[in-house]
Each structure stands twice: as C-alpha cells, then as structure tokens.
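Number of protein chains: 2
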Amino acid sequence: MYNTSKVVFSPRVRKSPFFLSTMKYGAKAFTVYNHMYLPISFEGTIPDYNNLLKGVQLWDVGVERQIQIKGPDAEALSQFLTPRNIKKCLIGQAMYAPLLDFKGGFLNDPVMLKLAEDCYWFSIADGDSLLWVQAIAAGYKFDVEVNEPDVSPLQVQGPNSAELMANVFGDWIHDLGFYRFKEFNHEGIPMVIARMGYSRELCYEIFLQDHSKGDELWECLWQAGQELNISAGGPNIILRLEGGILSYLADLDRSNNPYEVGLDWMIDLNQEDDFIGKEALREINIKGPAKKLMGAEIDGDPINDSNEDHLPVLINGKVVGSMNAMVYSPRLDKNLSYVFLDTEYASVGQEIIISSPDKDLKAKLVNLPWLDRAKK
Amino acid sequence: MYNTSKVVFSPRVRKSPFFLSTMKYGAKAFTVYNHMYLPISFEGTIPDYNNLLKGVQLWDVGVERQIQIKGPDAEALSQFLTPRNIKKCLIGQAMYAPLLDFKGGFLNDPVMLKLAEDCYWFSIADGDSLLWVQAIAAGYKFDVEVNEPDVSPLQVQGPNSAELMANVFGDWIHDLGFYRFKEFNHEGIPMVIARMGYSRELCYEIFLQDHSKGDELWECLWQAGQELNISAGGPNIILRLEGGILSYLADLDRSNNPYEVGLDWMIDLNQEDDFIGKEALREINIKGPAKKLMGAEIDGDPINDSNEDHLPVLINGKVVGSMNAMVYSPRLDKNLSYVFLDTEYASVGQEIIISSPDKDLKAKLVNLPWLDRAKK
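In the order they appear, the protein sequences are chains X and S. Per numbering that gives the first Met the number 0, the first sequence starts with residue 0, numbered consecutively. Per numbering that gives the first Met the number 0, the second sequence starts with residue 0, numbered consecutively.
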C-alpha cells in the first residue's frame with residue numbers, strides 16, 4: 000500500500016462512469032489522473048494482486064482518455080505524432096505508439112487504435128496530449144477533427160477474464176487476437192472490445208462509448224463473474240514491475256527518450272514520412288543514450304511499502320542514477336525495482352545502493368521484464 | 000470541508016518545494032493539480048478562512064506552473080495566445096490573460112507576467128498548457144523558447160500580509176502596486192514578488208526561483224509571522240465565491256467562452272494583431288452568449304458542505320443550467336453559489352431550484368461578486 004493522506008472530491012476533478020461502482024465495491028484510495036479520480040486500492044496492493052491472480056478483476060481505467068483523430072489527414076497526422084511506423088497498422092489493430100517532442104522526449108506513451116482508414120484513437124496516459132495534437136494539427140494544417148470522444152475504458156484482468164468475457168459477450172471473444180479489437184453492442188451498450196491491458200496477465204479492455212452506461216456495464220460483468228472469483232482492483236504496481244511495464248511520469252517523462260527505456264524497436268527512422276523528433280532520435284541513435292532504465296533486485300526481507308519519491312542510486316558513494324519504483328513480488332519472492340542509470344553503469348550484475356529515507360538498500364541490476372505475457 | 004477519501008502519494012505526482020512545510024504545519028487534505036499535490040485543507044474550510052481573516056496565511060500554490068516564453072517573438076506569440084491586448088502591459092506588470100482555443104473556449108485562465116521585452120510567464124491553472132504553447136510555437140513558426148522554468152509560487156494572504164512582507168523583504172513592499180511585481184533576492188533566495196493572489200484580501204505572491212529553497216523561505220516567513228497571527232492554509236472556496244473568483248475546470252472549462260463568465264472586458268477584437276479564437280469571439284459577440292455565469296444565494300440554514308459534483312438547476316421543473324460551486328460564507332451569513340444558466344433565465348432576482356442529492360435547494364440569482372477587493 001502507498002503512503003496516503005486525504006483527497007478531496009470536488010467538481011473540479013471528473014468522475015468516471017464507473018465511479019459509483021468502484022465506491023460500492025470498496026475503493027479505498029484514489030489518485031488523480033487526466034483530471035479524473037482513479038481508484039488505485041481496494042483491499043490493498045498485495046490482496047488486490049492476489050485476488051486478480053486467483054480469478055478475474057475489474058479495473059476502472061476511465062482515466063485513459065482517448066484522443067480521436069478523424070478526417071482525410073488522420074493517418075498523416077497520426078504518423079507525424081509518433082516514431083512508430085503506423086502505416087503497418089490494420090483496421091481493428093492497436094499499437095503502442097509513444098508521442099514524442101521535437102527533442103525525442105516522451106510527451107505521453109499511448110496505445111493507438113486504428114478504427115477506420117480515416118479514424119484513429121490514442122488512448123493516453125496522464126497528460127493533456129489533446130492540446131498538443133490539436134495545436135500540431137492547426138499549426139501544420141492537417142485536415143482533421145481532433146477531440147476527446149465519450150469513451151471510458153474498463154479493464155477485465157486475470158486468468159478467468161477470457162471465460163467471463165465470452166460468457167457475457169459471446170464465444171467470438173476467444174478468437175480475438177492480441178492487440179486486436181472489435182466494435183460491439185451489448186444490449187444497447189456501445190463499446191470497443193480489445194484484447195490488451197496494463198499487465199502481462201490474460202486481460203481485455205472494454206472501451207465504453209456511452210458514459211451513462213458505466214454502472215450498468217460494471218454490474219453486468221460483476222453478476223456474470225460470481226462463479227469466477229470476480230473482484231475489484233486497479234492498476235497494480237506489483238503486476239506492473241513484474242511485467243516490465245512503464246508508468247508515464249513515475250518511470251519516465253519528457254527528459255527521457257525511447258532509447259533509454261528499451262523502446263528502440265519501436266522507432267522507424269527509415270520510413271519516408273517525417274515525424275516529430277526524427278532528427279533528434281537520429282542523433283541519439285548515433286551517440287547512444289546517456290542513461291538506461293533497468294531492473295534491480297533489492298536484497299533482504301520483503302519491503303512492505305512502495306517509494307513515495309524518486310530516490311538516489313549510488314555506486315561507491317557517487318550518485319549515478321535514480322530509483323523510480325519498488326515493490327515486493329509475492330510470486331517471485333523478490334523485491335523488484337526500476338532504476339535509471341548513467342549508461343556506463345547499466346550492466347547486469349552491477350551492485351548499487353538505493354538511498355531510501357529509512358536506510359540504504361543494496362541491490363543488483365537485472366534485465367527487464369521479470370515475467371512474460373500470460374498466454375491463453 | 001469537502002467530502003474526502005484517501006489519496007496516494009507516489010513518485011508519479013510531483014511535490015512542491017513547500018511540501019514538507021505544509022505537512023509540518025498540518026496539511027490534512029490534498030488534491031492533485033498540474034501533476035502536483037496541492038494542500039487544500041489544514042484545520043478545515045471555515046477555520047482556515049477564519050485564521051486568514053484574523054492575521055496572515057501562507058498558501059503553497061506551487062502547483063501554479065509557469066510557462067516561460069522567451070525570444071525575439073515572445074510578445075508576438077503571447078499576443079497570439081490570448082484575446083487580451085497584452086501590448087499595453089509594462090515590464091513588471093501582470094495581467095489576467097486567458098488562453099482560448101479556436102472556438103473561443105477556455106484552455107486555461109492564467110495570469111501573465113511581463114518580465115522583459117522578450118520574456119513572458121503565464122502562471123497557469125490546472126492543465127498542460129505548455130504542450131499547447133509549444134506546439135503552437137512550432138507549427139506557426141514563432142522564434143521563441145518555451146519551457147517550464149524552476150518557479151514555484153507561494154501566496155501570503157490576509158490583512159497582516161503587507162506588514163509581514165515588509166518586515167521580511169523591506170519597506171519597498173508598501174510601494175508595490177496592484178498586479179505589479181519585482182525581481183528580488185533575499186539572502187540567496189531568488190524570487191519574483193507580486194502584489195496579487197487568489198482572493199480579494201490583501202495578498203502577495205512570491206514566485207520562488209529555486210526549488211531547493213522552499214522550506215527555507217517558508218520557515219523565514221513563519222518565524223517573522225509569530226506576532227502577526229500567521230497560519231497555514233490553501234486556496235479557500237469561501238474566499239473564492241465571496242470574491243467572484245473563478246476556478247478553471249470547477250466553474251468553467253473549454254465549453255465556455257469569456258462572454259459567458261463576465262470577461263468580455265478582457266477581449267480586444269479591435270486590435271490589429273490576430274489571436275487564436277478571434278473569429279469565433281466575433282461571432283459570439285454578435286449573437287450573444289448562449290449561457291451566463293451568475294451568483295445565486297441559497298435559502299435556509301447554513302449549508303455545511305460544498306458540492307462534490309455539478310448539480311442541475313431547474314425552473315418550473317425544467318433543467319435550465321447547472322450549479323458549479325456552493326459554500327456558506329460566515330461573514331456574509333449567506334449561502335453562496337455559482338450557477339450557469341441559459342441566457343434567457345439569467346436575470347437578477349430569478350428564483351431557481353438546485354437539485355442536490357439530499358434535497359432541492361431554493362435560491363435566487365444575484366450579480367457577482369459579493370465582495371470587492373480589500374484595499375491597503
């Protein structure tokens with residue numbers, strides 16, 4: 000469990016369409032993300048994690064707002080916004096497609112969904128990327144409409160998720176490929192159903208397209224999950240670290256580029272089209288990145304808290320990086336952490352000291368991720 | 000006091016340079032604003048308000064991030080971003096200068112500070128306007144550097160604020176005009192000191208320019224305030240409503256334009272320079288706004304809570320608007336609220352019903368504000 004204080008609820012911050020359901024089923028702590036409340040803990044970090052692994056869990060991730068780009072230049076603008084070669088993306092396919100600035104730094108790390116030849120969604124992490132995309136579209140004169148549609152994602156996570164989804168929406172769920180999606184209407188509830196999510200477990204993401212139907216959709220899944228060990232949860236730091244999954248602003252921000260966080264494979268510098276940051280990435284590609292994100296395993300007893308701040312990382316008393324996230328993984332029986340290190344020190348086996356407020360923590364560098372994706 | 004739950008502290012959300020001081024002096028509840036924790040309650044809404052009015056109060060508003068525009072085209076870009084005629088602004092002067100989108104809707108409602116002929120700050124409300132400004136600068140090819148500098152505001156609020164400020168920084172404080180500022184260095188702490196703030200009380204805003212000195216600055220003011228009834232507080236909803244002050248995203252958002260919220264006086268459609276939204280504002284100016292923000296006084300006993308959501312406003316059973324904010328003002332002994340109404344109903348004296356979850360509230364429309372600015 001994170002350290003907590005009180006948060007105020009006020010009309011300045013939006014509630015997701017699933018907010019009442021999350022309160023009903025025990026949401027205990029929130030953060031604010033994209034000007035919305037995000038339920039982050041129900042029974043606690045470890046119980047929530049255990050509940051997910053023994054059944055199926057609903058996550059209100061309505062905070063993942065969509066940027067919809069629609070019109071004749073939708074593909075051209077989408078390509079201009081990301082280093083990924085999106086021209087390879089099929090209709091009904093999704094791709095992790097970071098948004099970079101002109102220096103190659105991360106503005107956001109959304110998943111892109113291609114809904115039609117002239118319609119794309121970017122499902123964003125925390126940040127008003129909508130402003131960036133709209134201003135780029137205006138300034139560079141792309142012929143598109145850019146807005147935030149009425150779309151609120153709900154994730155269905157865990158080993159029983161496929162069975163639950165198939166029971167509710169039909170057996171076609173079993174044929175849905177990884178990072179593929181389908182538009183679907185369930186008893187008057189319009190949605191897009193995708194096979195993906197914010198963990199390496201078996202999972203699905205339902206993009207609800209009518210905010211008035213949030214609690215109805217939640218309840219429908221909840222009832223169908225009674226025999227499948229259904230529970231309520233939220234994005235979980237143990238699952239995230241086990242799977243080597245990034246959290247924008249926690250693990251990386253604008254000061255980082257894709258080469259630093261192992262996302263080089265996503266950059267297509269050879270494509271003919273120009274994209275924002277291409278020139279900067281070319282230079283970084285030649286020089287090599289100045290720092291690197293790695294895993295680190297922390298010695299000793301299970302740490303029973305996660306870090307509240309980024310912490311300094313030292314070798315021989317010299318600060319050589321920072322520690323961004325740490326947590327104990329029960330199934331690996333290890334203390335996991337993410338560290339950013341000056342490239343010269345970023346080697347597997349390197350011993351480091353993480354300087355926490357309580358005491359110095361000894362750790363050793365490893366490659367990411369600890370766990371691969373669960374197969375059906 | 001607002002309704003509360005828990006908020007998590009994690010490295011994903013930034014802490015202000017005054018965070019430790021606010022915890023030390025009793026911060027009890029937070030919200031998240033511009034990816035930072037904003038302390039919003041110490042002893043509670045009414046005690047915090049009373050403490051301020053009987054002395055001087057420190058507010059950590061480090062969440063007000065600055066967008067710095069610097070370079071040969073700094074004035075041209077700043078003008079392009081706002082309908083206010085900023086060419087009238089002097090060096091050392093600040094102006095409320097909203098950022099609008101191409102439809103005339105509010106992207107943000109910052110105060111602009113002119114630091115030099117080629118350097119402007121926009122001190123922003125909640126939203127990543129930096130992305131908007133950087134993309135506009137790139138797309139429209141303005142010759143400027145746009146970034147978020149190391150600047151964190153701290154407000155000094157209340158009747159004893161001038162005396163405290165003069166005791167610490169010198170008697171020149173008494174000569175500082177309203178919405179004027181001066182760069183200043185106090186014992187190695189670099190800052191900009193302005194006479195303005197987020198209330199109609201006597202107040203000052205210190206723009207700290209070195210985040211490592213936050214607690215030192217706080218402590219220095221705190222010690223000097225021992226004879227002046229110093230306390231810790233935060234932006235206060237009672238002061239805000241009394242003074243007719245707006246809160247972006249609570250009271251107004253992108254769906255609103257300046258004509259709807261009484262900011263017509265800020266728009267200069269006759270200036271030669273083009274600005275974003277000019278065409279749209281011209282049309283709204285001719286047709287008139289579709290809705291209007293007004294005050295409303297709610298009948299009955301003091302309401303002992305503020306609203307968690309926007310609430311529907313009805314006349315004769317028909318929804319004609321929404322209620323955005325409400326609170327009881329002890330010194331006015333009135334229940335104050337802000338309502339948005341279809342223009343045809345927006346007349347002083349009009350009776351309305353606010354449909355709250357508990358019960359219907361009877362109210363009557365009045366002009367804003369209830370209180371004018373306190374003079375020295």
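Each residue gets a CB set at the ideal place from its N, CA and C atoms; glycine is no exception.
For His185(S), the beta-bridge partners assigned by DSSP are Ile188(S).
Distance from the CA of Leu245(X) to the CA of Ser122(X), rounded to the nearest whole angstrom, comes to 15 Å. Using beta-carbon distances, Pro10(X) counts as an interface residue toward chain S, with a partner under 7 Å. With a cutoff of 7 Å on beta-carbon distance, Phe177(X) and Arg194(X) are scored as near each other. Counting other Cβ atoms within 10 Å of its Cβ, Ile285(S) stays below 16 and is therefore classed as exposed. Rounded to whole angstroms, the gap between the alpha carbons of Thr30(X) and Lys277(S) is 37 Å. Contact note: Asn323(X) reaches chain S through Pro10, using a C-beta cutoff of 9 Å and chain order. Spatial neighbours of Glu74(X) in its own chain (CB-CB distance under 8 Å, excluding positions within 5 residues in sequence) are listed in chain order as Ile85, Lys86, Glu116, Asp117, Tyr119. Contact annotation: Asn228(X) and Gly54(X) have beta-carbon atoms nearer than 7 Å. Of all residues in the region 108-129 of chain S, only Asp125, Gly126, Asp127, Ser128, Leu129 place a beta-carbon less than 9 Å from a beta-carbon of chain X. For Arg330(S), no pairing in a beta bridge is given by DSSP. When the beta-carbon positions are compared, Val143(X) and Gln133(X) stay at least 7 Å from each other. Leu153(X): not part of any alpha helix (DSSP H); member of the beta strand (DSSP E) spanning 151-156, first to last residue. At a beta-carbon threshold of 9 Å, none of the residues of chain S lie near Trp171(X); the nearest stands roughly 36 Å away.
Between Tyr32(X) and Asp127(X), the C-beta gap is not smaller than 7 Å, which leaves the two residues out of contact.
Cβ neighbours of Lys102(S) within its own chain (closer than 6 Å, five residues either side excluded): Ala279.
Inter-residue distance for Asp209(S) and Glu259(X) is about 28 Å (C-alpha atoms, whole angstroms). Annotation: Leu80(S) has no Cβ neighbours in chain X at a cutoff of 8 Å; minimum Cβ distance is about 10 Å.
At least one CB atom of chain X sits nearer than 7 Å to the CB of Trp131(S).
For Ile302(X), there is no enclosing beta strand (DSSP E), as DSSP marks it with neither H nor E.
Taking the CA atoms as reference points, Phe206(X) sits about 12 Å from His185(X).
Annotation for Ala345(S): Lys291, Met293 place their beta carbon closer than 6 Å to its own, counting only its chain and skipping 5 residues before and after. The residue from Phe18(S), Val12(S), Gly242(S), Ala362(S) with its alpha-carbon nearest to that of Asp214(S) is Phe18(S). Only those residues of the region 9-30 of chain X whose C-beta falls short of 8 Å from the nearest C-beta of chain S are listed: Ser9, Pro10, Arg11, Val12, Lys14, Ala26, Lys27, Ala28, Phe29, Thr30. DSSP links Glu350(S) through a beta bridge to Lys363(S). DSSP links Thr21(S) through a beta bridge to no other residue. DSSP links Ser4(S) through a beta bridge to Val6(X). Contact note: His309(X) reaches chain S through Pro10, using a C-beta cutoff of 9 Å and chain order.
According to the DSSP assignment, Trp217(X) belongs to no beta strand (DSSP E) but to the alpha helix (DSSP H) extending over 213-223. At a Cβ-Cβ threshold of 7 Å, Pro158(X) and Val60(X) do not count as neighbours.
The Cβ atoms of Ser354(X) and Pro301(X) lie no closer than 7 Å to each other. Against chain S, a Cβ distance below 8 Å from Ile39(X) picks out Val7.
Between the region 235-243 of chain S and the region 215-224 of chain S, the count of C-beta pairs closer than 8 Å stays below three; the two stretches do not touch.
Contact between Ala28(S) and Val7(X) holds: CB atoms are separated by about 5 Å, below the 8 Å threshold. Annotation for Ser254(S): no beta strand (DSSP E) segment contains it, and DSSP assigns it neither H nor E.
The Cβ of Gly176(X) sits no closer than 7 Å to any Cβ of chain S.
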